[in-house]
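Okay, structure first, notes after.
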Amino acid sequence: MERIREYSWCCGAGGGVREAYPEFSNWTASERIAEAKATGADALVTACPWCERNFIDATRALGDSMKVYDIVDLVQKAI
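In this text, residue positions in the sequence shown follow this note's numbering: the first is -7, and each later residue adds one.
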């Protein structure tokens, strides 16, 4: 992805942003999804429940097929 590690963007849900600015939160998540898709990824994995929820909601709003996983769920599937 274009923005990674210390340069990455928040998904837009944390710190009360999702509640205070829902349109901005959805836009931010949509931008991150677009960055992931540009790499050829078909899934996003996160350790944050707020990110998971925000990415799931954004993919639904976009009508996108990007899968979103919590890291714990992904590890569980692998066991």
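Note that the Cβ used here is the ideal one computed from N, Cα and C, for glycine as well.
| said: Buried or exposed, going by whether 16 or more other CB atoms sit within 10 Å of the CB of F47? | reply: On the sequence shown, residue 47 is found 55 positions in, with the first residue counted as 1. Buried, by the Cβ-count rule.
| message | In this structure, how does DSSP classify A35 when only helix, strand and coil are distinguished? | response | Against the sequence shown, residue 35 aligns to sequence position 43. Note: A35 maps to strand in three-state DSSP.
| request: Determine the DSSP secondary structure at Y61, reduced to helix, strand or coil. | output: Along the sequence shown, one-based indexing puts residue 61 at 69. DSSP places Y61 in strand when its eight states are reduced to three.
| Touching or not, the stretch 54 to 69 and the stretch 3 to 14, by the rule of three or more beta carbon pairs under 8 Å? | no
| query | Is it the case that the Cβ atoms of W83 and R24 are separated by a distance below 9 Å? | reply | In the structure displayed, the chain extends from -7 to 71; residue 83 sits before or after that span and is not available.
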